[in-house]
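Take a look at the structure below.
There are 2 protein chains.
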Amino acid sequence: MGRRSLKDARQKEIIEVFYQIAKQEGLENASLAKTAERAGMNPSLIIHYFKSREQLVYGLIEFILDRYLEIFNVPVSANSTPKTILLKIIDNVFSKKWNVLFDDSVSYSCYALALRDETIAGRYRQLLETLRKNMEQYIRACKKEGLLQVANPAVTADLIFVLVDGAYYYLSLVKQEKEYEAGLKRYKKQAIALLNFV
Amino acid sequence: MGRRSLKDARQKEIIEVFYQIAKQEGLENASLAKTAERAGMNPSLIIHYFKSREQLVYGLIEFILDRYLEIFNVPVSANSTPKTILLKIIDNVFSKKWNVLFDDSVSYSCYALALRDETIAGRYRQLLETLRKNMEQYIRACKKEGLLQVANPAVTADLIFVLVDGAYYYLSLVKQEKEYEAGLKRYKKQAIALLNFV
DNA sequence: AAATTAATTGAATGAACATTCAATTAATTT
DNA sequence: AAATTAATTGAATGTTCATTCAATTAATTT
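Protein sequences appear in the order of chains L and Z. Residue numbers for the first sequence follow our numbering, beginning at 235 and rising by one. Residue numbers for the second sequence follow our numbering, beginning at 235 and rising by one.
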C-alpha cells in the first residue's frame, strides 16, 4: 500500500540526462546540480534515487554497457546460418552505429574509471568476455561445417575484438567522413581475412 | 638582469607531481591544491607558472606524449638494418615498457579530453601520424630490399598500430601477469605476421 | 476518510576548488 | 649599494558542489 514507486523509471530518466551533460561537458564536469536543473528537478531528488554521485556513475556505466550489447544483438531468422550471423556481427561491429550510440569521450572516461575501480572493471571484463565467447561460438560452428579454417576460434575472436577496439581508438580522432569510412572498411576487411573463409 | 627564471624546471616539476596525483586519484580528482601541497608550495605558485588548470593539463598531455615517443626511440647502431630496426620497434611496442611508463587510467582520461578539445586532439593526431610514418618508412625500406611482401606499407603500418592500441585497451583490464604476457605475445606475433617477411 | 508510503521540495551546510592580488623575499646586474 | 626581475607567500574571494534534513505533497490501500 501507499504510493507506487517510480524508482526504475526515474533512475533511467536521470541517467539519460546525466549522460547528455557528460556528452556536452565531459564526464568530469557532469554534476548532480546540472543534471537536476536539466531534468527539472531538485538535486536532492537525485540523491534520493541514487545515494551518491558515485552510484549515479555506476548507473551510467550500466547504461553504456547495455548499449554496447545492442550492437551485437543480431536477429536470428529462420534461414540464418553461422556464417551469415558471423558476417552480420562483423558488419555491425565495423559500422557507424558506434558513432550514433556512443560518445567517444564519455566512453573513454568511463573506461578510465574502470581502471581505478574494481567494481566497474569487473563489469567491463564480464562484457568483453561475453562478446568474445559469443563470437567464438559462431566461429566454432563455421569451422565445424568446414566454412573457415582457423587454428583456435577463441584466439581469432579475441584478435578481431582487439582490431575493433584499436580501430575505434584511432578513428575517434578522425573527423573527415571519407577517411573514417575508408578506415572502417579496411579494418573490417582485415577482420574477415582473419576468419580465413574457404 | 634580475633574478634567473626557474620557469622550465619548475613547470616540469609541477607537471610530474600533478601526474602522480592523477595516477593515484584519477585525473578528474587531481587539483591544484593537492598538487601544491604535495609539491610543498602554494597553489598560487602553480597559477603563476601555468595560468590556469587547463594550461597545466595541456602541460601534462605534452609530458605524456613525450613519453609515448620514447618507446619508439630505437638506438640505430652501425650494423642495424631496416629489418632489425623494424623488429626492435615491434619489440618495444609490444613490451611491458608501457606498464612502467604509463598509467592506463590517466592515459584514457587524457584521450577522452582530446576528444573534446581540438588543441589536444591535434597533438594526438600529430603523434599518431609521426609514429605511423616512421614505421611505414622502415617497412618500405624492407620491401625495397625484398625482405618482406606487403601491398601497401602505409596501410600495414596503420594496421599494426591499430593492433597495438586495441591490445592495450584489452590488456589494461588484465591483472594476471601470465595472461597479460600471453596476450602480448599473441598480438605481437600477429603484427609480425602482417609484415609478411619472406 | 484515515493511514500509509513514496515523491518532491527547499533551505542549509561545509568542503574543496581555481583564481586574484598585494606584499615579501631572493637572486642578479650595473 | 641601488635597481631590477622573478620567486614565493598568504590571505581573500566567490563559485560550485555533494549531501543532509525536515517539511510538504501526492498517490494508493484499507
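The beta-carbon is built from N, C-alpha and C at its ideal position, and this holds for glycine as well.
Unbroken alpha helix (DSSP H) run spanning residue i, endpoints
| i | result |
| --- | --- |
| Q258(Z) | 241-259 |
| V340(Z) | 338-348 |
| D351(Z) | That residue, D351(Z), is in no alpha helix (DSSP H); it is neither H nor E in DSSP. |
| T318(L) | 316-327 |
| S278(Z) | 277-283 |
| V435(Z) | Nothing about residue 435(Z) can be reported from this structure: the residues present for chain Z run from 235 to 432 only. |
| K331(L) | 331-335 |
| A312(Z) | Segment: none, A312(Z) is in no alpha helix (DSSP H) and carries neither H nor E. |
| E271(Z) | 266-273 |
For residue i, the residue or residues it bridges with in DSSP
| i | result |
| --- | --- |
| L407(Z) | For L407(Z), which the question treats as bridged, DSSP gives no partner whatsoever. |
| F431(L) | L382(L) |
Expected contact under 8 angstroms - CB spacing of residue i and residue j to nearest Å
| i | j | result |
| --- | --- | --- |
| N326(Z) | F306(Z) | 7 angstroms |
| V398(L) | G400(Z) | 7 angstroms |
| I255(L) | K268(L) | 5 angstroms |
| N276(L) | A270(L) | 6 angstroms |
| V408(Z) | Y414(Z) | 5 angstroms |
Beta-carbon proximity check, residue i vs residue j, cutoff 8 angstroms
| i | j | result |
| --- | --- | --- |
| L381(Z) | V432(Z) | yes |
| I280(L) | L290(L) | yes |
| Y404(Z) | V340(Z) | no |
| A273(Z) | I295(Z) | no |
| L365(Z) | Q424(L) | no |
| A348(L) | S343(Z) | no |
| Y421(Z) | F284(Z) | no |
| V213(Z) | I323(Z) | Outside the shown range of chain Z, which is 235 to 432, sits residue 213(Z), and nothing can be said about it. |
| L261(Z) | R287(Z) | no |
| D300(Z) | S406(Z) | no |
| V384(L) | N430(L) | yes |
| L335(L) | E304(L) | yes |
| G293(L) | Q258(L) | no |
The region 352-366 of chain Z in contact with the region 345-363 of chain L per 3-pair CB rule at 8 angstroms: no
Validate contact between the region 367-385 of chain Z and the region 306-321 of chain Z using beta carbons, cut 8 angstroms, 3 pairs: Yes, since at least three Cβ pairs between the region 367-385 of chain Z and the region 306-321 of chain Z fall closer than 8 angstroms, the two stretches touch.
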